[in-house]
Structure formats: structure tokens, C-alpha cells
Amino acid sequence: MKNKILNIKNLSKSYDAFKVTDKITIDLHFDEIHALIGPNGAGKSTLIKQIVGSVKHDIGSIILDQEDITDLTDVERAKIGISRTFQVSSIIPQFSAIDNIVLSLLDKSNKTFQLFKSIRNNKELYSNAKKILKEIELLEKSEISASDLSHGDRRKLEVGLALAMDPKVFLFDEPMAGLDENGTNMMINLFKKIKSNSPILLIEHDMDAVFALADRVSVINYGKIVATGTVNEIRQNELVRDVYLGYEI
Amino acid sequence: MTSILFFEQLLNGIQFGTMLFLMSAGLTLIFGVMGLINLAHGSFYMIGAFSAALIASLTGSFWLALLASLSGAAIAGVLIEIIIIRRLYRRDHLDQVLATFALILLLSEGVRWYFGAFPLYLDIPENLNGTLPILDDIIYSKYRLFIIFMGLLIAVGLYILISKTRLGVRIRAGQNDRQMISALGIDISKLYTIVFALGASLAGLAGAMIGAIQSVEVGMGEPILILAFVVIVIGGIGSIKGALIGSILVGVTDTIGRIFLPELLKIFMESASATSVGSSIGSMLIYILMALILIIKPSGLFGKT
Amino acid sequence: MIIEKTFNKWILVFLFLIPVLGFIFEEPYYITLTTKVVILGIAGIGLNLALGYCGLISFGHAAFFGLGGYVTGILSFHALNSELMFSWPFVSSGSSDMLVIWPIVILSSAFLALIIGLLSLRTTGVYFIMITLAFAQMLYFFAISWPNYGGEDGLSIYMRNSLPMINTMDPLNFYFICLCWLLTVIFISAKLINSSFGMAFQAIKQNEERVKSVGIETFKVKLLVFVISGTITGLAGSLYTDLNRFISPSVLNWQMSGEIMVFVILGGIARLYGPLVGAAFFIVLEQTLGSYTENWQFWLGLILILEILYVRTGILSLFEKKLKYEK
Chain A
668 MKNKILNIKN
678 LSKSYDAFKV
688 TDKITIDLHF
698 DEIHALIGPN
708 GAGKSTLIKQ
718 IVGSVKHDIG
728 SIILDQEDIT
738 DLTDVERAKI
748 GISRTFQVSS
758 IIPQFSAIDN
768 IVLSLLDKSN
778 KTFQLFKSIR
788 NNKELYSNAK
798 KILKEIELLE
808 KSEISASDLS
818 HGDRRKLEVG
828 LALAMDPKVF
838 LFDEPMAGLD
848 ENGTNMMINL
858 FKKIKSNSPI
868 LLIEHDMDAV
878 FALADRVSVI
888 NYGKIVATGT
898 VNEIRQNELV
908 RDVYLGYEI
Chain B
845 MTSILFFEQL
855 LNGIQFGTML
865 FLMSAGLTLI
875 FGVMGLINLA
885 HGSFYMIGAF
895 SAALIASLTG
905 SFWLALLASL
915 SGAAIAGVLI
925 EIIIIRRLYR
935 RDHLDQVLAT
945 FALILLLSEG
955 VRWYFGAFPL
965 YLDIPENLNG
975 TLPILDDIIY
985 SKYRLFIIFM
995 GLLIAVGLYI
1005 LISKTRLGVR
1015 IRAGQNDRQM
1025 ISALGIDISK
1035 LYTIVFALGA
1045 SLAGLAGAMI
1055 GAIQSVEVGM
1065 GEPILILAFV
1075 VIVIGGIGSI
1085 KGALIGSILV
1095 GVTDTIGRIF
1105 LPELLKIFME
1115 SASATSVGSS
1125 IGSMLIYILM
1135 ALILIIKPSG
1145 LFGKT
Chain C
23 MIIEKTFNKW
33 ILVFLFLIPV
43 LGFIFEEPYY
53 ITLTTKVVIL
63 GIAGIGLNLA
73 LGYCGLISFG
83 HAAFFGLGGY
93 VTGILSFHAL
103 NSELMFSWPF
113 VSSGSSDMLV
123 IWPIVILSSA
133 FLALIIGLLS
143 LRTTGVYFIM
153 ITLAFAQMLY
163 FFAISWPNYG
173 GEDGLSIYMR
183 NSLPMINTMD
193 PLNFYFICLC
203 WLLTVIFISA
213 KLINSSFGMA
223 FQAIKQNEER
233 VKSVGIETFK
243 VKLLVFVISG
253 TITGLAGSLY
263 TDLNRFISPS
273 VLNWQMSGEI
283 MVFVILGGIA
293 RLYGPLVGAA
303 FFIVLEQTLG
313 SYTENWQFWL
323 GLILILEILY
333 VRTGILSLFE
343 KKLKYEK
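Chains as they are written, first to last, in the numbering used here: chain A, 668 to 916; chain B, 845 to 1149; chain C, 23 to 349.
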């Protein structure tokens, strides 16, 4: 199992009789982008929530980098290296873009409980934040308050917040939803670049992007993984065609 | 003496609990349906009591006075809902807290202005005066039994209203999903006014019934309002069942604790300090109870997580 | 922003001028009144940290205000009566020295805020509001039923507590002591708000889930903010006892919590000087309306409702020049 950074086994969660995730077993190798696709309501976002710990699963285990994190809280998981984006942009609206990034850098640099030193004089943090803004092509908008950013720029900022944490794995929940072509291309290039450092579990509806990016693809339906394989294997899988009946894939 | 005293205090606790229920049922309903935290709920308790005292002094009838407490508080509820409260449903909790806090100042001073600063008194009717033997050697105040009876009657009434009537269906729909009731084509603002007035009239009735044992004065609503908050925190906000169980729990704990804690402490310490320590801790007991319940269940006994 | 800053400077000038004028024209009443504004302003600045900047709607800050007040009252009651306070673990008969009282007030308020915070911060939303309220009420009832220190009637101390070399009984001297505390508290708050810790707690107000997801332990951050906030308000309570040379359970009452909240909101939430302006407005209103009618609280309630329904941003926002892209 040395080649797996994230290893999820039998993860299940049900609300009353409704199983939102049903014995999900999925893993993430070093240096890969593993895409998770499936129809709306299949349980993709709930799976992400269970991996980051904001929703407690009923049974199953989660191993991150040989460490069992099943019983850790959401904050503890974020601290040891799980970083996510939200399906609906979740940023600090009244902070500028760069302050959003700096917030994301606080924990790693042990600055959260620095009570009296002015944060704005911290050149190191702000220059690191600028590097990240450059990666996501938001450098010239660094002083704009996040609530005034366009939808696409907020998606980028969202990814920037994850990048700033320098985590062990990324969980991206539809990062390209609503992006224009330029934005999508930027994301694709960015993801290809960062995956060697921290592999990515990617939920995405844009199939072109998925097939351009993913090393492996898993298909989820009714809370179950119905197929896992390379892009070509998935394209040819009968079962997947059934799940996506009516969709172009 | 202890078993008789205990039984009597238990009844006192239940009587206190049923009145708390009238307050907290409205409070929890208003929060559950409209998402409003209403600090001014105690003002309707006061308005009910003053309406009753006014009508009693004019007509001499206790029963008309009770009716006046219900209708007086309901009318005040409708007016205040239409003029002020409905602008607060979409606001955050902070705005709601402050506006209803301001409303307390406004209503309390308004009532003081009109009625003066002296307390009024409301007399218990003849046929409810005196005591009634319940068991062998236990006698208990008729009027307090009447209060318990009224409380239970209203609990049953509320249960039927909410589980069996059309209005109840709408209220439950409102508690579960605010979008849904507008999708069902229900006139929400009318429903909200009705729920608010219902809560206000229950509080008003409680105010009148308690006003007859204590006195009718400005500021009488706030102590009981805060106890009602404790009740709904314990029971789980939005749950009427929680409000009922929480009310009895708080009523009994408070009454029994204040009486028996000093007695209990006398076993361990000298009598004078046992009385003072016991009564101080007794007055804090329900808050300690609340803290304990919150440690185990942060959303209350019947609250949704 | 620019205009608000200038306005804040004028506030400070006024704070130095008014009592001096009161002294020159021999109107000590105005000194006392301004002292009251300053003390209530400190209490509000404490609450503003939790409520305005971190979004913790505490409806129980009277607990800290009252605790600070009672600790001060009790210590000095024992000292003035030369009466033993406790004999274990060491013998103490209180103190009437502010330099001794203040640290004890700070420690005890911080401790109380830690306990209340640990329990209340497990909850959010309405639960948090009601629980903080309930804890304050618990102390209120305790103070009423505990007979040793006056119970419902309260506790008088016939001499204001002392400081070395300064005659604290002189109204102007005491005023400047309170003013020093106000400046200290404003300075500390400003430092906190602009620090990385401040960044974290202001972010929590806007989007706690996001702050958690970047690995920040929001519970600890909120707890620390709550403790600092309660401590500042507790200190104000201590000064308030010294101002009146009297403490009673009414400062622990829910109405006190509501009033401290009103200072914050009237002045403008999450503004450094907001609570001070709010407290000043409140006192001026009390004095002017109070001289015309006994029912001045009726008008206060009306003004408050109008402000919440229609103005919403507090007095200081009137002095704010709207610039795009500026917080």
C-alpha cells in the first residue's frame, strides 16, 4: 500500500433508511488526479464531507499517508493535510483576495494565536500569498474584497485557499463549474502542475476537463462506486454508459 | 412532615411548570415557525395580566378577566406583529434580540405610563378560594389545582390543534420548511400573524392566572421569560414536546430545590449557613441543570442537531 | 474611513475637555457623568470584541460586569471593616488598593469567561444567546439570595479604593484613571484587531466553516476572544463600583446585558470607538429625556427600534465616507 496517499475503505453513511454513501472504497495514489463522476445526488459531495470530517460517517475507515484519521475532527484533518474547495464558493467575503490567502497560511506558520503583532507588516506571509495569487492569476486583483470578485475569480480564489495550505491531498469539488474557457484551461494546467506534490481527488461535471486531466476515474451512483479505471476503461464500460444514459461521454 | 410537604411542593412545582409551559410553548412555536427570537414575549404576559386586572376592576368577573387576558394579549400581538415584528423575520438574530429588547422597554414604559407604577391586584373568584383535600391528609389550594388543570387543558388543546387541524398542518409545514409553505400557496404573512397572536395570548393567559396569586406589575414578565428560555434550551428549540417536559422539569427542580436544599444541607452544616448556602444554590439549580443537559446534548433534549 | 478617524480624534479631545471644563465651572456632576460614559464605553468595547468582531452574540456580559463590580466591592468591604475574608489557604482581609484589586478582577473575570465560554461555545445561534443570558441570570439570582454581601439591597463601600500618591476621591483624578483604562483598552483592541489572531476571529464571524477548513481551531479562537472580551467588561465593572461606591445585583441583571449590547449597536458594530459613542449617546439621552419625562425608556425603546429597522449601521457610520473596495 506504499503507493497510496489516501485510502478509504467501506465508508458508509445513511440518514434513516436512505444510504447517501454505501460501502465506498476508493484510494488516491501519489502523483495522480483521481476523478469522481456521477449524476447529481449520487453522493459525491457527501463523500467529500465525510473525508474532510464535516459529516460523520457511520462505519468505515480513512487512512491518510499511513495514518488512521478516522476519529479525527474536521480541523485536525485539515491541519494534517486534507484541503478542500467547496461546491458553492466559500470565502471570507469582506476580506480582500490576498487576506483570504493569508488566512489560509496562518495555521502552517503558527500565527493564529499571535495576538498583538500587526499581520499586515508580515512581509513573508504576504509575499507567499502573492506567489499563490500569481499561480491562480489573481495577482492584479489582490486588494479587491472577495465579495466584489466575479464568480470565476471566486472559484480561483477558492482553489488558492487550498493551495496555500500545502496539503497532502486536495479534494476539489467542481472547481471549474461556471468558469470560462480561459479559466478552465488555467485550472487544468495548474492541476497538472500541482498533482506531483499533492495528488487530487476531483469531482467534476465537465467531462472534457475530466478526460483531459484524470489518471483514473471512479463512477459513483446511488452512493456506490460502480466502476474504477483509467479514462479509456471507463469510456468503454457498459455499466457507466447505463449510469450516464442520455449524457454524452 | 416531609412526605406531605414534599407532595405539596411537588404540586407547586407542577403548577409553576404548567405556567412556564404556556410561556415557552408560544416562544418555541414562534421560533420554530418564523425563526424569530422574541425577547418581548414576557411583555405579553404582562399585557395579559393588566388586561385582566382592568376588566376585573370594571366588571368584577374573574372569568371575563381571563377572557380579557387572552384577547388583550392576542390583539396586542397582532398589532405588534404587523407594525414591527414582521420586519424582523428576515433579519439576523442580533437585530431580533435588539429590536425585541427595545420593544420590552417600549411596552413596559407604556404600561407604566398608563397604569401608574403601583402594582394592581386580581382576586381569585369565590369558588376557587380555599383548599381541597386530595389524599388522606393532604389538602391543596383549589386555585393552584385550577391552574394545573388549565395548563394541562391547553397542552392537550395545542396537541390537537397541531396534529389534527388544517392550521396545525400549516404550522408543522412552516417548522420543517419555510419554502414549502409558500409553495403550497399558503398566505404566510397571515399564518405568521396567527402563530404570533396565539403565542402572545397563551403568555397573556399565564400572566393573568399568575397575577391572581402574585401581583400585577410592570416587569413581571421578564423573570418568567428568562425561565422560559431555560425551558426551551433544555427541551430543544422548536419542540413543543420539549417545552412541556422542560417546563415541568424546571418548575419542579426550582420549587423543590429552593425548599429542600437548605434542609438537606442542615445535615452537614449549622442551620444558619445551611439556609443561606442552600437558598443561594437552590436559586441557581435550574441553570446548573441546563448546563448539565447542554454538556450531554448541546441542542437540548428534543432539539434537532 | 477618513472622516471616522478624524471624528475619533475629536472624541478623544472631548474626553479631555469636558471634565476639565466641568472642573473650571465647578460642575462636578458633569465629571461624574463623563466618567460613567467612559466606564460603560469600556464595558461595550469589551463586548464589541466578541459580538462585533467575532460574531458571538453574548447576551450575558452583565455577568462579567457584575463580577468585576462585586469582586471590587467585596475586597474593599472587608478591608474597610478590617474583617477577615478567608483564612485558608492564606489569611486575607480584602484590600482597598486598586493595584491589588485590578489584577484580582482581571483574573476572576477571565476565569468566569473561560467557564461560561467553555460551556456556551459548544452551541451556536439562538442557543448561544440564551445560554449566555441564562448564566448571567444565574449569577444575578445568586447575588440576590446570598445574604453576606447585602443580598438584594446591595453593598456600599464608604471610601473609594485608593491608588498610591493619588487622591481617588477627587472626581477629576478618578476620571483620569478611568480615561487611562479606556485608552489602554482601545489600544489593546486595536492591536488585537490588526493581528493575525484578529484576522482569524474576524473571519470566523463571516464564515466559520471556511476558517475551520484552513486548519484553524475556531473553538479555541472563539474561547480566547470571549475570555478577553469578558475580562475587559469585568474591569469596567470594577471601575463602576468605585465610581458609585456601591454595588447591587441590578448590574448583573439581563437589562444590563441588553444595555451594553445597545451601546455597541447604537455606536456602530465592529467599530473601535462605536461602544464609547453609543454609551455617550445613551447617557445623554437618559439625561435629556429623563429631565422631561419619567418614561424616558419608552422613547429610548422607540429610537432603538427605529434605528434597527431603518438605520442599521450605528451613529459612527454617519461619519464614514463610502469608498469602493474598502472595508
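No residue lacks a Cβ here, since even glycine has one placed at the ideal position from N, Cα and C.
C-alpha gap between residue i and residue j, whole angstroms
{"i": "Glu734 (chain A)", "j": "Asn674 (chain A)", "result": "10 Å"}
{"i": "Asn195 (chain C)", "j": "Leu261 (chain C)", "result": "13 Å"}
{"i": "Ile33 (chain C)", "j": "Gly323 (chain C)", "result": "26 Å"}
{"i": "Phe850 (chain B)", "j": "Ile1100 (chain B)", "result": "8 Å"}
{"i": "Leu106 (chain C)", "j": "Ser115 (chain C)", "result": "4 Å"}
{"i": "Val1074 (chain B)", "j": "Thr851 (chain A)", "result": "53 Å"}
{"i": "Tyr347 (chain C)", "j": "Ser812 (chain A)", "result": "Interpretation of Tyr347 (chain C) is limited by its pLDDT of 36, a score under 50 that renders its predicted location unreliable; no figure is taken from the coordinates."}
{"i": "Leu298 (chain C)", "j": "Ile215 (chain C)", "result": "17 Å"}
{"i": "Asp725 (chain A)", "j": "Phe888 (chain B)", "result": "46 Å"}
{"i": "Leu936 (chain A)", "j": "Val910 (chain A)", "result": "Absent from the model: residue 936 (chain A). The displayed extent of chain A is 668 to 916, so no value can be given."}
{"i": "Asp192 (chain C)", "j": "Glu230 (chain C)", "result": "48 Å"}
{"i": "Ser915 (chain B)", "j": "Val1060 (chain B)", "result": "17 Å"}
{"i": "Leu979 (chain B)", "j": "Lys986 (chain B)", "result": "14 Å"}
{"i": "Ala920 (chain B)", "j": "Ile891 (chain B)", "result": "8 Å"}
{"i": "Val955 (chain B)", "j": "Val1062 (chain B)", "result": "7 Å"}
{"i": "Glu1114 (chain B)", "j": "Gly1122 (chain B)", "result": "11 Å"}
{"i": "Ile140 (chain C)", "j": "Phe38 (chain C)", "result": "A small correction: the amino acid at residue 140 (chain C) is Leu; Ile does not occupy that position in the sequence shown. For Leu140 (chain C) and Phe38 (chain C), the distance between alpha carbons rounds to 40 Å."}
Residue i classed as buried or exposed, judged by whether at least 16 other C-beta atoms fall within 10 angstroms
{"i": "Asp981 (chain B)", "result": "exposed"}
{"i": "Pro125 (chain C)", "result": "exposed"}
{"i": "Ile983 (chain B)", "result": "exposed"}
{"i": "Ser104 (chain C)", "result": "exposed"}
{"i": "Gln1058 (chain B)", "result": "exposed"}
{"i": "Pro1106 (chain B)", "result": "buried"}
{"i": "His818 (chain A)", "result": "exposed"}
{"i": "Trp203 (chain C)", "result": "buried"}
{"i": "Asp820 (chain A)", "result": "buried"}
{"i": "Phe1189 (chain B)", "result": "Coverage of chain B is limited to positions 845 through 1149, which leaves residue 1189 (chain B) absent and any answer about it impossible."}
{"i": "Arg846 (chain B)", "result": "For clarity, residue 846 (chain B) is Thr in the given sequence; the question names Arg instead. Classification for Thr846 (chain B): exposed."}
{"i": "Ile254 (chain C)", "result": "buried"}
{"i": "Phe36 (chain C)", "result": "exposed"}
{"i": "Val755 (chain A)", "result": "exposed"}
{"i": "Gly861 (chain B)", "result": "buried"}
8 Å contact criterion, which residue i and residue j should meet: CB distance rounded
{"i": "Thr240 (chain C)", "j": "Val233 (chain C)", "result": "5 Å"}
{"i": "Ile64 (chain C)", "j": "Val284 (chain C)", "result": "Not confirmed; about 15 Å, so no contact."}
{"i": "Lys633 (chain A)", "j": "Asn677 (chain A)", "result": "No statement about residue 633 (chain A) is possible, as the shown extent of chain A runs from 668 to 916 and does not include it."}
{"i": "Phe223 (chain C)", "j": "Val243 (chain C)", "result": "5 Å"}
{"i": "Phe303 (chain C)", "j": "Glu953 (chain B)", "result": "Not confirmed; about 18 Å, so no contact."}
{"i": "Gly176 (chain C)", "j": "Ser270 (chain C)", "result": "3 Å"}
{"i": "Ser131 (chain C)", "j": "Gly90 (chain C)", "result": "5 Å"}
{"i": "Ile123 (chain C)", "j": "Asn183 (chain C)", "result": "6 Å"}
Proximity test, residue i beta-carbon vs the ligand NAP heavy atom, cut-off 7 Å
{"i": "Ser679 (chain A)", "result": "Although the ligand NAP was asked about, the structure shown includes no ligands whatsoever."}
Worksheet item: If you measure beta-carbon to beta-carbon, which residues of the segment 756-770 of chain A are closer than 9 Å to chain C?
Response: Ser757, Ile758, Ile759, Pro760, Gln761, Phe762, Ser763, Asp766, Asn767, Val769 and Leu770
- Task: Give, in chain order, every unbroken run of the alpha helix (DSSP H) that is at least 4 residues long and sits entirely within the segment 232-287 of chain C.
- Result: 240-266
If we require 3 or more residues per run, which beta strand (DSSP E) segments fall completely within the segment 816-864 of chain A?
836-840
At a Cβ cut of 8 Å, what residues of the segment 168-179 of chain C count as close to chain B, listed as they run along the chain? Trp168, Pro169 and Asn170
Task: chain C contacts from the segment 712-728 of chain A (Cβ-Cβ distance under 8 Å) - done: Val719 and Ser721
Quiz prompt | Residues from the segment 954-980 of chain B in contact with chain C, defined by Cβ distance under 7 Å | solution = Gly954, Arg956 and Trp957
- prompt: In chain order, what residues of the segment 137-151 of chain C put their CB closer than 7 Å to some CB of chain B?
  reply: Leu141, Arg144, Thr145, Gly147, Val148, Tyr149 and Ile151
>> Using a Cβ-Cβ cutoff of 7 Å, what residues of the segment 930-944 of chain B are near chain C? List them in chain order.
In response: Arg931, His937, Leu938, Asp939, Val941, Leu942 and Ala943
- In chain order, each alpha helix (DSSP H) run of at least 4 residues that lies wholly inside the segment 103-153 of chain C: 120-142
Requested in this report: Could you run through the segment 736-756 of chain A and flag, in chain order, every residue whose CB is less than 7 Å away from some CB of chain C?
Outcome: Asp741, Val742, Ala745, Lys746 and Arg751
Worksheet item: For the segment 773-786 of chain A, which residues have a beta carbon sitting closer than 9 Å to at least one beta carbon of chain C?
Response: Leu773, Asp774, Lys775, Ser776, Lys778, Thr779, Phe780, Gln781, Leu782, Phe783, Lys784, Ser785 and Ile786
- prompt: What residue ranges within the segment 920-964 of chain B form continuous alpha helix (DSSP H) runs of no fewer than 4 residues, ordered along the chain?
  reply: 937-959
Members of the segment 802-831 of chain A near chain C, C-beta cut-off 7 Å: Glu810, Ile811, Ser812, Asp815 and Leu828
Exercise. With 9 Å as the limit, tell me which residues of the segment 196-222 of chain C have their beta carbon closer than that to any beta carbon of chain A; keep them in chain order.
Key: Ile210, Lys213, Leu214, Asn216, Ser217, Ser218, Phe219, Gly220, Met221 and Ala222
Output needed in chain order: residues of the segment 308-329 of chain C with a Cβ under 7 Å from some Cβ in chain B. Asn317, Gln319, Phe320, Leu322, Gly323, Leu324, Leu326 and Ile327
TODO: Report the residues of the segment 1031-1057 of chain B with a CB closer than 9 Å to any CB of chain C, ordered along the chain.
DONE: none
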